[in-house]
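Worksheet: the structure to be examined is printed underneath.
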Amino acid sequence: MPKLFPPLPPGPYAILYADPPWDYRGQLQHAGRSSGDTGGAIRHYPTVTLRDLQVLPVAGLAAADCLLFLWATSPHLDQAIELGKAWVRVRCC
Numbered sequence: 008m009p010k011l012f013p014p015l016p017p018g019p020y021a022i023l024y025a026d027p028p029w030d031y032r033g034q035l036q037h038a039g040r041s042s043g044d045t046g047g048a049i050r051h052y053p054t055v056t057l058r059d060l061q062v063l064p065v066a067g068l069a070a071a072d073c074l075l076f077l078w079a080t081s082p083h084l085d086q087a088i089e090l091g092k093a094w095v096r097v098r099c100c
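The sequence shown maps to residues 8 to 100 in my numbering.
Shown next as structure tokens:
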């Protein structure tokens with residue numbers, strides 16, 4: 008995966024805020040019947056697949072008792088849970 012994120016100051020961090028660039032598989036999002044096309048995420052920024060998000064070294068940033076605030080839209084709720092579990096597994100194993 009190409010380098011997508013700038014370097015961070017050294018951790019560990021007590022609170023992590025994550026707004027993953029979710030991959031919508033090219034789907035366009037609509038704000039309602041009369042609003043027209045909002046363009047979809049891919050038209051605004053590079054998106055990343057769940058598999059690539061899962062291997063990010065997030066556990067290395069986290070304090071042992073940190074909180075994770077993870078942004079997800081309804082199409083990605085299941086993936087958000089998988090992603091949180093993957094980031095915890097990386098820390099535990």
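All C-beta atoms in this analysis are idealised placements derived from N, C-alpha and C, irrespective of residue type, glycine included.
Whether residue i touches residue j by CB criterion (7 Å)
{"i": "residue 52", "j": "residue 28", "result": "yes"}
{"i": "residue 90", "j": "residue 60", "result": "yes"}
{"i": "residue 94", "j": "residue 62", "result": "no"}
{"i": "residue 77", "j": "residue 25", "result": "yes"}
{"i": "residue 68", "j": "residue 86", "result": "no"}
Cutoff 8 Å; reference residue i; Cβ partners in own chain excluding five residues on either side
{"i": "residue 70", "result": "18, 19, 20 and 21"}
{"i": "residue 73", "result": "19, 20, 21, 22 and 23"}
Simplified DSSP state of residue i, which is helix, strand or coil
{"i": "residue 94", "result": "helix"}
{"i": "residue 71", "result": "strand"}
{"i": "residue 55", "result": "strand"}
{"i": "residue 15", "result": "coil"}
{"i": "residue 79", "result": "coil"}
{"i": "residue 63", "result": "coil"}
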